[in-house]
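Numbering (the UniProt record's numbering), first residue to last: 1 to 153. Each residue gets a CB set at the ideal place from its N, CA and C atoms; glycine is no exception. The model shown is predicted, which means the values in this text are computed figures rather than measured ones. One structure is given here, and the rest of the page talks about it.
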DNA sequence: GCCAACGTTGGC
DNA sequence: GCCAACGTTGGC
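What follows is the structure in structure tokens.
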């Protein structure tokens, strides 16, 4: 069964343009167990990913990507120089995992968070729930289709 | 830059 | 196992 996801990133750190340039990239730095478990247990190659820009002028969904490699250990956790170094994660017993994500398309216009809050079709969407801080979360098929339709894809 | 919401850590 | 303290996320 194909699944649908939303993945957040700060455009100043890694934007949709960066992914377009790289074509496919490993999604390192996830240090939250819920997000990790989604990657490890549920993400499969070919799953669709809504690409979300956070912490910026107009937060919202800016494009489409897809999972291009299933979960494997996040080796950046082993690097003492890396920003998300975690001494409790080792190569023998990795604590953190990542998937690879491939570029699909950039939307002509960002589908803003505030806009999505106005859409009755998206009622109950996880992204819109109060206090939500997950950087990786599942999206229901109907919600995904609605967003795709708006984006013209 | 502020701050609400949430997750994690660690003392007890 | 409780919970206070702390750190982080991310909208505004």
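Does the Cβ of residue 74 lie closer than 6 Å to at least one heavy atom of the ligand ATP? This structure does not include the ligand ATP; it has no bound ligands of any sort.
Near residue 29, what residues of its chain come up, given a Cβ to Cβ distance below 6 Å and the 5 sequence neighbours on each side ignored? What you label residue 29 is simply residue 29 of the first chain in a count that begins at 1. Excluding positions up to five away in sequence, the list reads 84.
State the DSSP-derived secondary structure class of residue 80, mapped to helix, strand or coil. Here residue 80 corresponds to residue number 80 of the first chain, with the count starting at 1. Residue 80 falls in the coil class under three-state DSSP.
Measuring alpha carbon to alpha carbon, tell me which residue in 65, 105, 100 is nearest residue 39. Here the question's residue 39 lines up with position 39 in the first chain. Nearest C-alpha to residue 39: 100.
Could you tell me the alpha carbon to alpha carbon distance between residue 18 and residue 6, rounded to whole angstroms? Taking the first chain and counting its residues from 1, the one referred to as residue 18 is at position 18. Taking the first chain and counting its residues from 1, the one referred to as residue 6 is at position 6. Whole-angstrom Cα-Cα distance: 17 Å.
Give the DSSP-derived three-state secondary structure of residue 162 in the structure shown. Residue 162 falls outside the range modelled here, since the chain spans only 1 to 153, and no answer is possible.
How should residue 34 be labelled, buried or exposed, when 16 other C-beta atoms within 10 angstroms of its C-beta is the threshold for buried? Taking the first residue of the first chain as position 1, residue 34 is located at position 34. Per the 10 Å Cβ criterion, exposed.
For residue 13, does the count of other Cβ atoms within 10 angstroms reach 16, so buried, or fall short, so exposed? Sequence index remark: in the first chain, residue 13 carries index 13 (1-based). By the neighbour-count rule (16 or more Cβ atoms within 10 Å), residue 13 is not buried but exposed.
Going by CA-CA distance only, name the one from 27, 20, 42, 108 that's closest to residue 138. If you number the first chain from 1, residue 138 lands on position 138. It is 42.
Would you mind listing the beta strand (DSSP E) stretches within the UniProt domain "EVE" (3 to 150) that are 3+ residues and don't spill past its ends, in chain order? 4 to 9, 24 to 26, 48 to 53, 60 to 73, 97 to 112, 136 to 139
If residue 9 and residue 54 are in contact, beta carbons under 8 Å, what's the gap, nearest whole angstrom? Along the first chain, read from residue 1 onward, the residue named residue 9 stands at position 9. Along the first chain, read from residue 1 onward, the residue named residue 54 stands at position 54. With a Cβ gap of about 7 Å, residue 9 and residue 54 count as contacting.
Should residue 157 be labelled buried (16 or more other beta-carbon atoms within 10 Å of its own) or exposed? Because the chain is modelled from 1 through 153, residue 157 falls outside the range shown and cannot be assessed.
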